[in-house]
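The letter at position 77 of the sequence shown is residue 77 when you use full-length UniProt numbering, and the numbering goes up by one with no holes. Virtual Cβ for every residue (Gly too), placed ideally from N, Cα, C. Predicted model, so just to flag it, every value in this text is computed and none were measured.
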Amino acid sequence: MLIIIQELMHRAFVETEGRAPRRHEIPKPCDHFDLIVGTGTGGLIALMLGRLRLDLETCKELYVRLTRVVFETDKTIAGIPYRSTLFKASKLEDAIRQCVREHTVFEKEGNDGGDEPELLSPLNAAQHSSAYPKRHSSNASTVSFSARSPSAQMAARPVLSSRYGNPNARLYDARENRTKTAVTAVYKGSPRGAPPAMLRSYD
1 MLIIIQELMH RAFVETEGRA PRRHEIPKPC DHFDLIVGTG TGGLIALMLG
51 RLRLDLETCK ELYVRLTRVV FETDKTIAGI PYRSTLFKAS KLEDAIRQCV
101 REHTVFEKEG NDGGDEPELL SPLNAAQHSS AYPKRHSSNA STVSFSARSP
151 SAQMAARPVL SSRYGNPNAR LYDARENRTK TAVTAVYKGS PRGAPPAMLR
201 SYD
């Protein structure tokens, strides 16, 4: 999927610029799409490309690393799986948290380096000190998606790190002209053929 999207972005650049892009010039999907939706690990891609506004190369590197965690299984004989290798929701959640944690260091929203006003981060005020670590220019969102109830969100205390951001941040971006993301999922215990629920990162 990521290879297809990268080819699409490559062609979009060629059509508009009349030449092939250099590696760092390949457009980001978040600058061309209004809505990115995915299910399962596709939901992870949607969050990385849409809400965290990652470039495709960064997204591919993260996807490979995180899916190794999602699909990890000990149900093998000589390395050959003998039971279903479908991922567990808990491992997918852990992968999303890890991705968000690595890309929510700066207060500035969007991972686009623009001149948008900075929004307050869900992290505590300690991050405003000059000692708070800085990240490279490819910074990302600090307000991110959570499917939990408001009370659960309040109960979750963000953990400060010397290198990373907040794994429990909400993927919510109220700004206009920003890509919206959504993840579809089927609730545990749903009957066969039940329609999926849409977990949105916008109102």
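Query raised in the report: Do the region 41 to 50 and the region 89 to 103 make contact, defined as three or more Cβ pairs closer than 8 Å?
Result: yes
Report task. Locate the beta strand (DSSP E) running through L35, then write down its first and last residues. Result -> 35 to 39
Query raised in the report: Whose CA, out of E7, I3, D34, V14, lies closest to the CA of Y63?
Result: I3
Query raised in the report: Looking at T67 and A185, is the spacing between their C-beta atoms short of 9 Å?
Result: no
Requested in this report: Go ahead and pull the three-state DSSP assignment for K60.
Outcome: helix
Query raised in the report: What separation, rounded to the nearest whole angstrom, lies between the Cα atoms of Y187 and A197?
Result: 7 Å
Query raised in the report: Closest to K180 by CA distance: which of R22, E15, L199 is it?
Result: L199
Report task. Go ahead and label H32 buried or exposed: buried means 16 or more other beta carbons lie within 10 angstroms of its beta carbon, across all protein chains shown. Result -> exposed
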